[in-house]
Structures are given as C-alpha cells and as structure tokens.
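Report on the following structure.
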Amino acid sequence: MTQYTITELAREFDVTPRAIRFYEDQGLLAPSREGAGGLKRVFSGRDRTRLKLTLRGKRLGFTLSEIRDLLDLYESPTDTLPQLHAFLATVVRHREVLERQREDLDATLEDLAQYEAQVRAMLDGGAQPPK
1 MTQYTITELA
11 REFDVTPRAI
21 RFYEDQGLLA
31 PSREGAGGLK
41 RVFSGRDRTR
51 LKLTLRGKRL
61 GFTLSEIRDL
71 LDLYESPTDT
81 LPQLHAFLAT
91 VVRHREVLER
101 QREDLDATLE
111 DLAQYEAQVR
121 AMLDGGAQPP
131 K
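So for the sequence shown, the UniProt record's numbering puts the first residue at 1; every next one is plus one.
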C-alpha cells in the first residue's frame, strides 16, 4: 500500500502543509498516525485521491461542504438513488451559478471593450480624455 507524507502531498499538489491539515480538520482527509505520540501523519492512496478531488472542487468553486458530500458520493455505491439525486442537484446548482458568473463576466468585458475603444478614439484623434 502506497503511503505519503504531508510534505510529499504538499509538493505534488503545490499546496502548503497547513492547507492539508485544514482539509484534515474539515474531515476531507483522514491520515493515520505514526511515531512517538502519533505526531507523524501518514496519508494513504485514498487520502491522495480525496485531496486531488478536493483541490479540483475548490478550483471549480465548490464549497467544502459540497466537496465533502461529493467525496462521500464518490466512495459510496453508485446505485443509491437518493445520493445520485443529491449529486445531480449539486451539479445543476453549481452549473447555474457558473453560467450567471459567465454572463456577468461577458457584460463586464463588453463594457471594458467600449471604454477601451472610446479612449483609443480620443487618443487617435488627439483629444484629451475628460478630467
């Protein structure tokens, strides 16, 4: 069974050990403990996969609670209808949020393009921008 130290995972995923400890505190990771007093964390392949999925979920904008629910679904039998419905609802809700954000970004980019065109026209015509 492959095992990882916190330093190895931090280096591999370009995160701080503190971030990994935070995800552990949030119940997203569950390393075993070794050494005197159980101070050394030992992460399994399962923990590595959960960290990878957690970081992917964060990049996609999921909350830690949503990520925890998705990780639980990932590890559960896939024929559980209530879990599949919950997963679908989370994905649909998140997609709707991202689509609204995309609309806002498109509108902002359009506004910026208009301002840029106006300023370029002023500069090309030798006019001074308003003060």
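For glycine and all other residues, C-beta sits at the position ideal for the given N, C-alpha and C.
Hey, how far is the Cα of residue i from the Cα of residue j?
i      : j      : result
Gly45  : Gln101 : 35 Å
Glu99  : Arg68  : 23 Å
Leu81  : Val91  : 15 Å
Glu110 : Glu103 : 11 Å
Ala117 : Leu123 : 10 Å
Glu66  : Gly57  : 9 Å
What are the residues that DSSP puts in a beta bridge with residue i?
i     : result
Gln3  : Ser44
Glu34 : Lys40
I need the DSSP call for residue i, collapsed to helix, strand or coil.
i      : result
Thr80  : coil
Gly27  : coil
Asp14  : coil
Leu105 : helix
Thr63  : coil
Gly125 : coil
Identify which residue in the options has its Cα closest to the Cα of residue i.
i     : options                        : result
Arg41 : Leu73, Ala107 and Asp25        : Asp25
Met1  : Tyr74, Ser65, Tyr115 and Ser32 : Ser32
With distances taken between CB atoms, is the gap from residue i to residue j smaller than 8 Å?
i     : j     : result
Leu70 : Phe87 : yes
Ala19 : Asp47 : no
Leu28 : Thr54 : yes
Leu60 : Tyr23 : no
Phe62 : His94 : yes
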